[in-house]
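Going by mature numbering (1 follows the signal peptide of the UniProt record, and there is no 0), the letters in the sequence shown line up with residues -23 to -1, 1 to 132, in that order. Even glycine gets a Cβ: it sits at the ideal position worked out from N, Cα and C. Nothing here was measured: the structure is a model prediction, and the numbers come from that model. To start, the structure itself, in structure tokens.
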Amino acid sequence: MKLTTAVLTAGAAVSLTTAVVGAARLRQDARHQTERNETVLARNQLDWLAQMSTNPDLAKLWTPEDMDVEEYMQLLKANQLICMLSLRNRLGFVRAGHLPWYAAKLMESDVCQRYWKRFGGLRAEEAEGDEQAEHFTRVLDQAAKNPPRAQAATA
């Protein structure tokens, strides 16, 4: 092989490697930007839930007609807990296989059970088309349908 051919081949290999590394970096940057966007949106939602669940005058504006403001505020606190778990799960901070355990722990709370009974269907509709959100919703729904052992033993 001539020296010029070897140099051209090596140059092409370096160029190809650079292009592959660059493309991988662009994909990684896009994924990180998506995660940052999700985090900002979740923070906005959690801030809104915090305000709504602590300010009766504000909550009154959004309370369904057939519900007491205090009950609605409690359900919003449950929603806040569920949203925090959802964000942790979406960002990969819930280890594989542990989501059902976290969901069961949440559903040990009466207020989380009441929230899910009232708004679980709405969350399922909202999750449609997002595979990760659909999975999260199914796991929480399953936990809500299976009463915790402590409650089942006393019933």
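Q: Would you mind sorting S63 into buried or exposed? The rule is 16 or more other CB atoms within 10 Å of its CB.
A: Looking up residue 63 in the sequence shown gives position 86. Here S63 is buried, its C-beta having at least 16 other C-beta atoms within 10 Å.
Q) On the three-state DSSP scale, how would you describe L68? A) By 1-based counting over the sequence shown, the position of residue 68 is 91. DSSP places L68 in coil when its eight states are reduced to three.
**Q.** Cutoff 8 Å; reference T16; Cβ partners in own chain excluding five residues on either side
**A.** The residue labelled residue 16 in the question sits at position 39 within the sequence shown. Excluding the 5 residues flanking it on each side, T16 has same chain C-beta neighbours closer than 8 Å at L64, L68, in chain order.
Q: Output the distance between the C-alpha atoms of G(-2) and R8, rounded to the nearest integer angstrom.
A: Position 22 of the sequence shown holds residue -2. Position 31 of the sequence shown holds residue 8. Cα to Cα, G(-2) sits roughly 14 Å from R8.
**Q.** 8 Å contact criterion, which I59 and L99 should meet: CB distance rounded
**A.** Indexing the sequence shown from 1 puts residue 59 at position 82. Indexing the sequence shown from 1 puts residue 99 at position 122. Actually they are not in contact, since the Cβ atoms of I59 and L99 sit about 12 Å apart, beyond 8 Å.
Q: Could you check which residue in M61, R91, R4 has the C-alpha nearest to that of M44?
A: Here residue 44 is taken as the residue at index 67 of the sequence shown, counted from 1. Among M61, R91, R4, the Cα nearest to that of M44 is on R91.
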